[in-house]
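The structure appears right after this line, and notes come after that.
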Amino acid sequence: MAVKVVTKASITAEAAQALVAAAEAKAREIGVPMCIAVVDESGVLKAFSRMDGAALLSVGIAQDKAYTAVSFGIPTHGWHDFIKDDPPLLHGIVHTPRLVVFGGGYPVQHEGAVVGGIGVSGGHYHQDMQVAEAALATVA
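Numbering (the working numbering), first residue to last: 84 to 223.
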């Protein structure tokens with residue numbers, strides 16, 4: 084029997100770096116130093132920046148937001164509505180390593196396929212979302 088394979092699209096290193104640069108520009112504009120992570124379609128780190136002054140804790144959170152977003156293909160803030168009225172999920176799934184259920188992580192899509200994820204951490208999650216959305220708007 085021949086081995087069968089699946090071909091997946093993945094974000095390029097160049098595109099990942101461009102997302103980081105766009106996110107950094109927006110973070111500078113709003114005056115909040117951020118950590119920005121971009122992962123490939125498998126959740127593996129592709130590009131990362133910790134801006135000067137960004138919180139140490141934000142390093143891991145940004146990476147986990149990107150990982151969460153690519154894992155299910157939904158933004159991290161979408162998890163709250165998904166689990167808030169379901170006690171078993173609300174009290175169980177939040178203990179899953181690397182799962183983040185507040186804003187700042189988004190899947191990166193190309194032609195309908197999830198090719199990566201971006202995660203931003205450093206401010207309030209609304210600021211993190213604003214920075215990630217600004218970066219994504221540059222590749223839309």
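Where is the CB? At the ideal position from N, CA and C, for every residue including glycine.
I'd like to confirm the pairing. Which residues does DSSP put opposite residue 211 in its beta bridges? Sequence index remark: in the sequence shown, residue 211 carries index 128 (1-based). According to DSSP, residue 211 bridges with nothing at all.
Take the Cβ of residue 190 as the centre, count every other Cβ of all protein chains shown within 10 Å, and call the residue buried at 16 or more, exposed below. Taking the first residue of the sequence shown as position 1, residue 190 is located at position 107. Residue 190 should be labelled buried.
What ranges does the alpha helix (DSSP H) occupy inside the stretch 120-208, keeping only unbroken runs of at least 4 residues that lie completely in it? 140-155, 161-166, 170-175
What residue from 163, 158, 162 has the CA that sits closest to residue 219's CA? Residue numbering aside, residue 219 sits at position 136 when the sequence shown is read from its first letter. For the residues 163, 158, 162, the minimum Cα distance to residue 219 belongs to 158.
What separation, rounded to the nearest whole angstrom, lies between the Cα atoms of residue 134 and residue 175? To locate residue 134, count along the sequence shown from 1; it is residue 51. To locate residue 175, count along the sequence shown from 1; it is residue 92. When rounded, the distance between both Cα atoms is 34 Å.
Out of curiosity, what's the CA-to-CA distance linking residue 118 and residue 194? For the purposes of this step, residue 118 is taken as the residue at position 35 of the sequence shown. For the purposes of this step, residue 194 is taken as the residue at position 111 of the sequence shown. Approximately 27 Å between the Cα atoms of the pair.
Could you check which residue in 130, 101, 210 has the C-alpha nearest to that of residue 114? Translated into positions along the sequence shown, residue 114 becomes position 31. Nearest C-alpha to residue 114: 210.
What residue range is occupied by the uninterrupted alpha helix (DSSP H) comprising residue 109? Position 26 of the sequence shown, counted from the start, is the residue given in the question as residue 109. 96-113 is the span of the alpha helix (DSSP H), which, as asked, contains residue 109.
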